[in-house]
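Here is the structure we will look at, set down as structure tokens.
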Amino acid sequence: MARFWSLLAIMALAVLLPTWSAAAAKYDCSNAERVAGLCITGEVKGPGVDLTGEQRQPGGRVPGSREPGTAKPGKGAGNGAAADAPSGNGAAGGSARSCESLRPGCMGHRDGYTVTWPETPEVTLRDLVNFRPVPGVDRMEPNGWMVVGLDTNFFAEVGQQVHSGQLLGRPAEVRFTPRRYHWSYGDGTRADLSVKGSTWAAQGVSEFEPTPTSHVYRAAGTYYIDLDIDFSAEYRWADGPWTSLVGTIQVPANRLVAVAGGAKTVLVERDCTVLAGPGC
Amino acid sequence: MLSLAGVVAIVALLAGCTPTDPVVTPRPEPSATPLFASEDEALAAATEAYAAYLAMSDQITSEGGANPERIKPFVSDELLENEIEGYSIYSERHLKTVGRTLFDGVRFQQFDSEGRVIIYLCSDAAGIRLIDESGTDVTPASRLDRQGFEVEFEGSGGESALVVARSEPWPGSGLC
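Heads up: the protein sequence lines correspond to chains A and B, in order.
All the letters of the first sequence, read from the start, carry residue numbers 2 to 281 under this note's numbering.
All the letters of the second sequence, read from the start, carry residue numbers 58 to 233 under this note's numbering.
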């Protein structure tokens, strides 16, 4: 019997999963909410993402703060039981809106209390929160120098990042994902790549071997290498679904300064296999 | 002993071409019949569906959020719960609206063979006000009168050809 139930559970999951993934990128603001000024918008702006929300609230208090005089155990006073039911947000973990956050007059259950604000007066909050991705780090092998005519391995240290904040007193998150890497090698050439690269060792290749992100310098000299990373962004609010934002954010990484020199084949004093160094 | 006709019938059966039971190669059925012949047609249907949705939405809010299930024929099944939640703001707070939500600047984005259509539009709420019980205008001063939206529709088996499946606020002033 237990096996039957677990099988049933797995089947139910299998049925539900596609629904979840299909709904993952959707945020909906109905016309009724829009007319009441209750839409959250996110926008890629300059080096970051702006999330903006509007909310009508009684008394100018922020959700989450509680006034002892208005907190009552159990059911809320007079605001309608339907508003208190968290199940109204659906089985998939809730929509972007909830009674607690958006409905003036209804603050939901907290610690066994239902907190109800006075009905008037109302103020409108317009809240804005800005998120910026942390820049990536540009690295190179060999570190700080290169051999003319041989591959220098460039790579970026960066990953997906989630930044959290508060919007209208509820958690707001923005997720940045690095998408493209624009290397400017300082010798007049550039590369726009979709891979960030890694060390020679990580790729299991020998030093000075070509990699998807390596570059060959043709002349000796000092070079300034710049890297810009494009991030895509998604946001979510009040544990709602992730919503993708249009546009990317380009963030410069650190500048590398490196010297390219020639290399000659030389006979070294000691055994190269014992004293391993660059070029051995 | 088999008659000559019997032998012929068996041979014909083996060859898969008995005269009484002709083997018809089935034509590949399209996964869905395209609902729209052109982008213009899809845009027109979406525009009509959105106007119908707004009209009902405005009617429900003008009546203080009463009988919110009236929006059902105009939205997808998945969206219905969200919609009804939106109207409860009005019924709980004894608010209603006066006026109408308008829209303009419709732009086609895409449609597919399953009847899914996405358009852009600019929603204009300048002519609709939020009124409380005492008749006071409580429209939030910060509400954007003109707000861009990306609206997705899907085919429905009901009366109207399309229903609203998602209306997502479009940031910035690009659509308005």
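From the three backbone atoms N, C-alpha and C, an ideal C-beta is built for every residue, glycine too.
If I'm right that residue i touches residue j with Cβ under 8 Å, what's the distance once you round it to whole angstroms?
i, j, result
"B/P125", "B/I146", "Going by Cβ atoms, the distance from B/P125 to B/I146 rounds to 10 Å, so no, they are not a contact pair."
"A/I226", "A/F155", "7 Å"
"B/T196", "B/R186", "5 Å"
"B/K153", "B/I188", "5 Å"
"B/P228", "A/G43", "6 Å"
"A/Y224", "A/G189", "The Cβ separation is near 10 Å, so there is no contact."
"B/Y177", "B/G205", "7 Å"
Step through the CB atoms of chain A and report whether any lies within less than 8 Å of the CB of residue i.
i, result
"B/V68", "For B/V68, the predicted model reports a pLDDT of 43, less than 50, meaning its position is unreliable; a value from the coordinates is still stated below. Answer no: the Cβ-Cβ gap between B/V68 and chain A never drops below 8 Å."
"B/G143", "yes"
"B/S88", "Unreliable placement is indicated for B/S88, whose pLDDT of 49 sits below 50; no coordinate value is reported for it."
"B/A182", "yes"
"B/T118", "yes"
"B/I176", "no"
"B/E126", "no"
"B/I185", "yes"
"B/E105", "no"
"B/R164", "no"
"B/S133", "no"
"B/R200", "yes"
"B/E225", "yes"
"B/L255", "With chain B running from 58 to 233 in the structure shown, residue 255 of chain B is simply not present."
"B/L232", "no"
"B/P130", "no"
"B/L71", "Reliability fails at B/L71, whose pLDDT of 45 lies under 50, so the model's placement of it is uncertain and no value is given."
Under a CB-based cut-off of 8 Å, is residue i close to chain B?
i, result
"A/R35", "yes"
"A/G38", "yes"
"A/D240", "no"
"A/G282", "Past the boundaries of the shown model lies residue 282 of chain A; chain A is included only from 2 to 281, so the question cannot be answered."
"A/T249", "no"
"A/N32", "yes"
"A/E235", "no"
"A/E174", "no"
"A/G43", "yes"
"A/G263", "no"
"A/D29", "yes"
Pull up the DSSP beta-bridge partners for residue i, would you.
i, result
"A/N154", "A/E142 and A/S215"
"B/D161", "B/C179"
"B/V174", "B/F168 and B/F210"
"B/K153", "B/I188"
"A/E174", "A/S165 and A/R237"
"A/G1", "Examination of residue 1 of chain A is not possible in this model, given that chain A is present from 2 through 281 alone."
Which residue marks the beginning of the beta strand (DSSP E) containing residue i, and which one marks its end?
i, result
"A/W238", "G222 to W238"
"A/D193", "R191 to L194"
"A/I250", "T244 to P253"
"B/K129", "No beta strand (DSSP E) contains B/K129, which DSSP labels as neither H nor E."
"B/A218", "From DSSP, B/A218 is part of no beta strand (DSSP E); its letter is neither H nor E."
"A/K197", "Taken as a continuous stretch (DSSP letters only), A/K197 belongs to no beta strand (DSSP E), as it is neither H nor E."
"B/V195", "Per DSSP, B/V195 belongs to no beta strand (DSSP E) and is neither H nor E."
Taking the alpha helix (DSSP H) that residue i falls in, what are its first and last residues?
i, result
"B/V111", "For clarity, residue 111 of chain B is Leu in the given sequence; the question names Val instead. Element bounds for B/L111: E96 to S119."
"A/V206", "Here A/V206 belongs to no alpha helix (DSSP H), and DSSP marks it neither H nor E."
"A/A33", "N32 to V36"
Checking contacts by CB at 8 Å: is residue i closer than that to chain D?
i, result
"B/L111", "Among the protein chains of the structure shown, namely A and B, there is no chain D."
Segment contact flag, the segment 198 to 215 of chain A with the segment 249 to 257 of chain A, C-beta cutoff 8 Å, min 3 pairs: no
At least three beta-carbon pairs within less than 8 Å, the segment 157 to 176 of chain B to the segment 110 to 129 of chain B: yes
The segment 219 to 239 of chain A / the segment 173 to 191 of chain A touching (three or more Cβ pairs under 8 Å): yes
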